[in-house]
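The block underneath contains the structure these notes are about, expressed in C-alpha cells.
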Amino acid sequence: MAQIDVKLTITNLKKTKGNLAIEFYRNVENYTKGQNAFKKLYIPVAEIDKYETVFKDIEPTFYAVKVYLDTNNNKKLDKSFLGVRKEPYGFSKNLDPILREPTFEEAKIEMTEENNTISIKLNNNKGDD
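Counting from 1 along the sequence shown, just add 79 to a position and that's the residue number in the numbering used here.
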C-alpha cells in the first residue's frame, strides 16, 4: 500500500506564549497511556492563530491526535484536582469531553489518499474560546 502525506491544522491558538504539543497515535495502548506516540512535535508558538504541518510518507490507517498548548512549558497538560484541563487542548474529530479524554475508538480517524487532512480547534475550559 502506498504511503500518504497527512496535513494537520490546529486553530484557535489565542495564547501567544508556550509550546504546542502534538501527539499522533495509531494504536489504543499507546494512546491510552499517552506514551510512544507515532509522531510527536513540541513547537514554540508566538503571535499566531493557526499552525499547519504535514506528516510525510505515513501509512494509511487509523490515527488519533491529542494536542495541547503548554502555556507554562512543563511538558504536560495541566489539570485541576477534578481533572478539568487548565490549558488549551484538542483532539481529533474536535471531541470535547470535559472530565476525561476521548477513547482511541472515539477519536480515531481513517487516513487515506482521499481523506488526508485533520483539523483541530483548540478548546479552553475557561470559557474564552
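By construction, the Cβ of each residue, glycine as well, lies at the ideal position given by its N, Cα and C atoms.
Check	Outcome
Once you ignore the five residues that flank residue 71 on each side, which residues in its own chain have a CB closer than 7 Å to its CB?	The requested residue 71 is not part of the displayed model; the chain covers only 80 to 208.
So, helix, strand or coil for residue 183, using DSSP?	helix
For residue 93, which beta-bridge partners are listed by DSSP?	DSSP, once it has assigned bridges, lists no residue as partnering residue 93.
Measure the alpha-carbon distance for residue 195 versus residue 83 and round it to whole angstroms.	8 Å
Looking at the structure shown, is residue 107 part of a helix, part of a strand, or coil, going by DSSP?	helix
Can you name the residues that DSSP bridges to residue 169?	146
For residue 101, is the classification buried or exposed, using 16 other Cβ atoms within 10 angstroms of its Cβ as the cut-off for buried?	buried
Contact between the region 181 to 188 and the region 131 to 139 is defined here as three or more beta-carbon pairs at a separation below 8 Å; is this criterion met?	no
By how many angstroms is the C-alpha of residue 167 removed from the C-alpha of residue 208?	Its pLDDT being 40, under 50, residue 208 is placed unreliably in this model, and the coordinates cannot settle the point.
Nearest by alpha-carbon distance to residue 114: which of 85, 155 and 171 is it?	155
May I ask you to report which of helix, strand or coil DSSP gives residue 86?	strand
Check whether the Cβ atoms of residue 169 and residue 146 lie closer than 7 Å to each other.	yes
Taking just the CA atoms, how far does residue 105 sit from residue 197?	14 Å
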